[in-house]
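This report concerns only the one structure given below.
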Amino acid sequence: MFKTHSCGALRPQDVGKSVTLAGWVHLRRDFGGVIFIVLRDRSGLVQVVVSGESPEETQTAAAQARSEFVIQVEGTVRQRPDNQVNPDWPTGDVEVEAHAVRILNTAKTPPFYIYDDSPVDEALRLKYRYLDLRRARLQRNIILRHETVQFLRQALNSRGFLEIETPYLFKSTPEGARDYLVPSRIHPGRFYALPQSPQQLKQLLMVAGYEKYYQIARCFRDEDLRGDRQPEFTQLDLEMSFVHRDDVLDLIEEIFAELIPAVTPQKHVPLPFPRLSYAEALEMYGTDKPDLRFGMQLVDLTPVLERSNFRVFSATAASGGKIKGIVAPGCADYTRREIDELTDIAKREGARGLVTLAYTAGAVKGSAAKFLTEDELTATAETTGASEGDLVCIVASDAKVVAASLSALRLTFRDRLDLVDPDVVAFGWVLDFPMFERNEEEQRWEAVHHPFTMPRPNTYDEMMADPLAVLSDAYDLVCNGWEIASGSIRVHDPKIQSDIFRMLGYEEADAQARFGHMMEAFSYGAPPHGGIAPGIDRLVMILADETNIREVIAFPKTSQATDLMADAPAEVPAEQLKELHISIAEES
RNA sequence: GGGGGCGUAGUGUAGCGGUUUAACAUGCCGGCCUGUCAAGCCGGAGAUCGCGGGUUCAAAUCCCGUCGCUCCCGCCA
Numbered sequence: 179m180f181k182t183h184s185c186g187a188l189r190p191q192d193v194g195k196s197v198t199l200a201g202w203v204h205l206r207r208d209f210g211g212v213i214f215i216v217l218r219d220r221s222g223l224v225q226v227v228v229s230g231e232s233p234e235e236t237q238t239a240a241a242q243a244r245s246e247f248v249i250q251v252e253g254t255v256r257q258r259p260d261n262q263v264n265p266d267w268p269t270g271d272v273e274v275e276a277h278a279v280r281i282l283n284t285a286k287t288p289p290f291y292i293y294d295d296s297p298v299d300e301a302l303r304l305k306y307r308y309l310d311l312r313r314a315r316l317q318r319n320i321i322l323r324h325e326t327v328q329f330l331r332q333a334l335n336s337r338g339f340l341e342i343e344t345p346y347l348f349k350s351t352p353e354g355a356r357d358y359l360v361p362s363r364i365h366p367g368r369f370y371a372l373p374q375s376p377q378q379l380k381q382l383l384m385v386a387g388y389e390k391y392y393q394i395a396r397c398f399r400d401e402d403l404r405g406d407r408q409p410e411f412t413q414l415d416l417e418m419s420f421v422h423r424d425d426v427l428d429l430i431e432e433i434f435a436e437l438i439p440a441v442t443p444q445k446h447v448p449l450p451f452p453r454l455s456y457a458e459a460l461e462m463y464g465t466d467k468p469d470l471r472f473g474m475q476l477v478d479l480t481p482v483l484e485r486s487n488f489r490v491f492s493a494t495a496a497s498g499g500k501i502k503g504i505v506a507p508g509c510a511d512y513t514r515r516e517i518d519e520l521t522d523i524a525k526r527e528g529a530r531g532l533v534t535l536a537y538t539a540g541a542v543k544g545s546a547a548k549f550l551t552e553d554e555l556t557a558t559a560e561t562t563g564a565s566e567g568d569l570v571c572i573v574a575s576d577a578k579v580v581a582a583s584l585s586a587l588r589l590t591f592r593d594r595l596d597l598v599d600p601d602v603v604a605f606g607w608v609l610d611f612p613m614f615e616r617n618e619e620e621q622r623w624e625a626v627h628h629p630f631t632m633p634r635p636n637t638y639d640e641m642m643a644d645p646l647a648v649l650s651d652a653y654d655l656v657c658n659g660w661e662i663a664s665g666s667i668r669v670h671d672p673k674i675q676s677d678i679f680r681m682l683g684y685e686e687a688d689a690q691a692r693f694g695h696m697m698e699a700f701s702y703g704a705p706p707h708g709g710i711a712p713g714i715d716r717l718v719m720i721l722a723d724e725t726n727i728r729e730v731i732a733f734p735k736t737s738q739a740t741d742l743m744a745d746a747p748a749e750v751p752a753e754q755l756k757e758l759h760i761s762i763a764e765e766s
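Position one of the first sequence corresponds to residue 179 (our numbering), numbered consecutively onward.
The following block contains the structure:
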């Protein structure tokens, strides 16, 4: 080994020890007669001192060293003088007096600072990802990710789960996201698909009798990116046999309640996780992934305002729409410009406009205030709980638009008014999802979760009677406004499964071609089973106080799904395409 | 597929029609310096203002296009 100790591990009890260290030059302070080198390795930082008493070649090497040079230091750990202790560093009580400094490798001046986390253009960070990964922020995040995954593995192992790998080269499935396809060299014109998740395979493992399975599984979806979506991402995929919904929920709740204090002791997790139905979530928060760290719930004002002389309200109510509002505490003094910004946010979600009522001393201000009666203004305040100094934001439209726009406004106020404690990790279960939704473009029914989800009720006739009313045994885990896990109890009855396929409009032959292997498997004694798949990237992102999963992935893609470091995707030699029986079509 | 934001020395920013020889900080190079900790002081080098076109007597600055990064909508069972 090039080293006997880790830089960041040295403590007062090591004083007097001879150590050999190796790492990168973090910072260098050259006083002519004495040179301080801050040496960095994965464990942290320690100060190395090269003084006039050090050997001549040691002084020369220290003088030549520059940022990010790789060096080896032999020296003695010594206590720093009392007035020179650095209380900000774990190693700040000691320093290493160098007897020898060897330059193991030189380094070009890096394109951005390694020694702090100052902001750098994203493209540059990604091009030099290996340098960005040296910086404290990403190193902290990557290590947190490691600790999280190890904790989860241990938690599941100790509960009798088996870690089982499933193939990445699998089969394209209809519905859902676009697949990444892999051409077959051996079979011209045929393609594998990279799995969007190991959904089918883990269910087959239940049929196979493994009872409790998990996997840290890479998933692939060829869709446009977001801050919380990358083309490839990682799930803690798990599945259990002979369980009901609450068995899965309780397991996850138990494990996460232990995980968060273990890997992020400063975080607080409210227990138990609140459970609300999909309908309740939409009603109260306007979204199926509410941020439960703060209130500001949506209040239904339809009964209060439906007979108003203000046509926007009465007409909306008459046509079956909703009038709902939220209260922004202390925002009655918002300027015209700020109100316009709020209005734009509502409009982006489809609202025609935003009605604001500012409850100031003795008067209610706002563009629509003059159209409302004294009674209506008072009733609105009573129903919403608004008091003097508050701003009530009201949207009247169809239920979907009302929910989306007020939810967006709620999150806007969260950020502007600083309404959440960043160290609270607020989980919540969203249950009782609808089983089907209508795809109007393609004139067919689609599964909200996926077609293997157990519906209630079960028969085709019952489902057909009112598809929108059919609920499923699916569940989402939300956390601080992000969807963090999704799962369901699965169909294990081939009859129900084929009824669902009929609902989704698959011809018998089509269903056989696509899911025949599943249907047949279920006919050989499939146990009742269900599972869930927490997103590792999103979970670690939240624990790392990040808002983009790029920050917890070692080598992520840009928002255009490219890799700026390796320059992928890239063209390939014609010969390689020929081997795969692929020709590139001209763009029209 | 659509919309918003950003792009100026290595890096982070300022300048947003003419007082600019494009400024500031930091980094880099050199010098001084034996106790600093993002060391300090002195000196120096470093920018075809993303790229292309247009408007104008004059463009980093205005317009159009394009490329890159980013956020959002659609999309994401």
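Even glycine gets a Cβ: it sits at the ideal position worked out from N, Cα and C.
Predicted model, so just to flag it, every value in this text is computed and none were measured.
For aspartate 219, the enclosing beta strand (DSSP E) has its first and last residue at 213-219.
Nearest C-alpha to glycine 683 among Arg526, Phe614, Lys735, Ala200: Phe614.
Using a 10 angstroms sphere on the CB of alanine 652, the tally of other CB atoms reaches 16 or more, which defines it as buried. Per DSSP, threonine 534 is not a residue of any alpha helix (DSSP H); the beta strand (DSSP E) it occupies stretches across 533-538.
Sequence-distant partners of serine 666 (beyond 5 residues in either direction) whose C-beta falls short of 7 Å from its own C-beta, in its chain, are His627, Thr631, Met632, Ser650, Asp651, Ala652, Tyr653, Gly708. Put simply, the backbone Cα of glycine 694 is about 58 Å away from that of phenylalanine 488. When secondary structure is reduced to three states using DSSP, cysteine 185 falls in the helix class. Taking C-beta separations shorter than 6 Å and ignoring five residues to either side along the sequence, the partners of leucine 460 in its chain run Ala581, following chain order.
Under the three-state reduction of DSSP, phenylalanine 411 is assigned to strand. Taking C-alpha positions only, glutamine 225 is separated from histidine 277 by approximately 14 Å.
For histidine 324, the enclosing alpha helix (DSSP H) covers residues 314-335. Here the alpha carbons of phenylalanine 247 and phenylalanine 290 stand approximately 15 Å from one another.
Using a Cβ-Cβ distance cut-off of 8 Å, the region 541-555 and the region 594-606 are not in contact, since fewer than three pairs of beta carbons, one from each stretch, lie closer than that value.
Taking 4 residues as the shortest admissible run, the region 343-399 contains the following complete alpha helix (DSSP H) segments, listed from N- to C-terminal end: 377-385. For glutamate 341, DSSP records a beta bridge to Tyr392.
Selection Lys181, Arg313, Val426, Leu316 evaluated against leucine 655 yields Val426 as nearest (Cα-Cα). Under the criterion of beta carbons closer than 8 Å, phenylalanine 214 and valine 193 do not qualify as touching, at roughly 18 Å.
For threonine 740 and arginine 396, the gap between their C-alpha atoms comes out near 18 Å. Arg692 is the residue among Arg692, Gln191, Ala243, Pro481 whose C-alpha sits nearest the C-alpha of lysine 349. Secondary structure in the region 700-738: the beta strand (DSSP E) runs of 3 residues or longer, each lying completely within the stretch, are 707-712 in chain order. For the options Ala386, Leu347, His365, Pro288, the alpha carbon positioned closest to that of proline 373 is the one of Leu347.
In chain order, Ser375, Pro376, Lys380, Tyr392, Gln393, Ala395, Ala711 place their CB closer than 7 Å to the CB of aspartate 415, counting only its own chain and leaving out the 5 sequence neighbours on each side. Histidine 324 counts as exposed, since fewer than 16 other beta carbons sit within 10 angstroms of its beta carbon. Restricting attention to beta strand (DSSP E) runs no shorter than 3 residues, the region 432-469 encloses them at 453-455, ordered along the chain. Per the DSSP secondary-structure output, methionine 418 pairs in a beta bridge with Lys390, Gly708. Note on phenylalanine 491: 16 or more other CB atoms within 10 angstroms of its CB, so buried under the neighbour-count rule.
If you ignore the 5 residues before and after leucine 322, its C-beta comes within less than 7 Å of the C-beta of Val441, Val718, Leu721, Ala722, all in its own chain and listed in chain order. For leucine 479 against lysine 502, the beta-carbon gap comes to about 6 Å, under 8 Å, which counts as contact.
Methionine 696 counts as buried, since no fewer than 16 other beta carbons sit within 10 angstroms of its beta carbon. Of the candidates Glu566, Asp518, Glu560, the residue whose Cα lies closest to the Cα of tyrosine 537 is Glu566. Contact annotation: serine 184 and serine 221 have beta-carbon atoms nearer than 7 Å.
Counting only runs of at least 3 residues, the region 566-651 fully encloses the following beta strand (DSSP E) elements, listed from N- to C-terminal order: 569-575, 605-609, 614-617, 622-625. A direct Cα-Cα distance of roughly 46 Å separates alanine 240 from glutamate 749.
Judged by pairs of C-beta atoms under 8 Å, the region 519-526 touches the region 582-599, as three or more such pairs exist. Taking C-alpha positions only, valine 573 is separated from threonine 556 by approximately 18 Å. Per DSSP, the beta-bridge partners of isoleucine 249 are Gly201, Ile281.
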